[in-house]
Amino acid sequence: MRYIIIGNIAAYIMSLINYEYFSYLILDPDLVMKGQVWRLLTFIFIPEGAGGTNILMVAISLYFYYFIGSALEARWGAFRFNVYYLIGILATIATSFIFKGYGTPSYINESLFLAFATLFPELQVMLFFIIPIKVKWLGILSGGLLILQFITSNSLSSRAFIIVAMLNYILFFGPQLVAKIKAARRRQKFTQAVNSSRSPYTSPSKGKVINDVPFHKCHVCGKTELDDPNMQFRYCSKCNGNFEYCMDHINTHEHVK
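Start counting the sequence shown at 0; every next residue gets the next number (numbering that gives the first Met the number 0).
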C-alpha cells in the first residue's frame with residue numbers, strides 16, 4: 000500500500016504542475032489499444048481530488064487510505080491483501096474495455112474501506128476531527144451511498160464499475176455475511192419457538208398474568224425473578240433435596256429433612 004500512496008502523491012503533484020501530462024495516467028481503453036499500455040497500471044495512482052488545490056483534503060484522504068491499507072495488510076498478510084486489491088483492478092480494467100468507459104480507482108478504494116469496516120467495526124475514528132464515530136456506521140453509510148448511486152445513475156458503465164469494484168468484497172466477505180444472516184434467522188426462529196411453547200404464569204404476589212415461566216422460585220415465600228428482577232436466589236446445601244430460596248430466606252428458613 001505504501002507504493003500506491005507514493006504513486007498517488009506523485010500523480011497529484013503532476014496534476015498541479017501540468018494537467019495535460021496527468022491525463023496520460025487515465026485508463027482510456029481506446030488509447031490503450033493504440034499502444035498506451037501503461038494506462039492499465041497508472042490509473043490506480045489517480046488520487047481523489049486530482050487537479051484541485053485543496054492539498055489538505057487530498058493529504059487527509061491519502062493518509063486515511065494508507066491507514067486502511069496497512070491495517071488490512073496486517074490483518075490478512077501481504078499476499079491476501081494484494082489478491083483483494085488485484086481483483087478490483089482487473090475487474091475495473093475489464094469493465095472499462097467492455098463498456099468503453101474511463102476506469103478510476105474510486106470504487107476500488109470504496110471496496111477497501113468496506114473491507115476495513117467489516118473487519119474492524121468497533122474501531123472509533125474522529126469524523127471531521129471532532130465527531131467520534133465507529134467505523135461500522137461509516138461503512139453502512141458508504142454502502143448505502145453506493146447503492147443509492149447505483150440506483151440513480153443513468154449510465155450503464157457507472158453501474159457496472161460499481162458492481163465489479165465490489166466483486167472482491169463479495170468474494171471475500173459474501174460467505175461470511177450469508178452465514179451471519181442465516182445464524183440470525185435461526186436464533187430468531189428458536190426464540191419464537193421457545194416463546195410460543197411457554198404458557199402464561201400468574202405471579203402469586205401481584206396476581207398478574209405474565210407470558211413467561213420463572214426459572215427461580217423461593218420455597219418459603221414463592222417469590223420469583225418475575226416478581227423482583229433484582230432478587231438473587233440460592234440453593235440450600237443443608238436441605239434434603241433441591242430447594243431454592245430468595246436472599247430474604249436463604250439464611251432464616253427451616254431446613255427440609
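Note that CB positions come from ideal geometry on N, CA and C, so glycine has one too.
Computed from a prediction, not measured in an experiment: that's the story for all the values here.
Here residue 27 really is in contact with residue 101; their C-beta atoms are around 6 Å apart, less than 8 Å.
A contact is defined here as three or more CB-CB pairs under 8 Å, and the stretch 115-125 fails this definition with respect to the stretch 33-44. About 5 Å separates the CB atoms of residue 90 and residue 166; that is less than 8 Å, so the two are in contact.
Within the stretch 81-140, the complete beta strand (DSSP E) runs of at least 3 residues fall at 123-126 and 130-133.
Look at the beta carbons and you see the stretch 176-191 not touching the stretch 123-136: under three pairs across the two are nearer than 8 Å.
Residue 13 is classed as buried because its beta carbon has at least 16 other beta carbons within 10 Å across all chains shown. With respect to the C-alpha of residue 245, the residue from 103, 233, 38 and 71 having the closest C-alpha is 233.
According to the DSSP assignment, residue 232 belongs to the beta strand (DSSP E) that extends over 232-234. In the DSSP assignment, residue 64 falls within the alpha helix (DSSP H) that extends over 54-75. The C-beta of residue 29 has fewer than 16 other C-beta atoms within 10 Å across all chains shown, which makes the residue exposed. Excluding the 5 residues flanking it on each side, residue 110 has same chain C-beta neighbours closer than 7 Å at 87, 164, 165, 167 and 168, in chain order.
For residue 243, the enclosing beta strand (DSSP E) stretches over residues 243-245. When the five nearest sequence neighbours on each side are left out, the beta carbons in the same chain lying within less than 7 Å of the beta carbon of residue 142 are those of 113, in order along the chain. Looking only at 147, 82 and 242, the smallest Cα-Cα distance to residue 255 is reached by 242. For residue 160, the uninterrupted alpha helix (DSSP H) run begins and ends at 155-164, by DSSP. The Cβ atoms of residue 7 and residue 71 do not sit closer than 7 Å to each other. Across the structure, residue 162 and residue 16 are spaced so that their CA atoms are roughly 34 Å apart. Counting along the chain, the unbroken alpha helix (DSSP H) around residue 21 starts and ends at 18-21. Ranked by Cα distance from residue 1, the first of 38, 66 and 34 is 66.
As far as DSSP is concerned, residue 190 takes part in no beta bridge. The beta carbons of residue 156 and residue 98 sit closer together than 7 Å.
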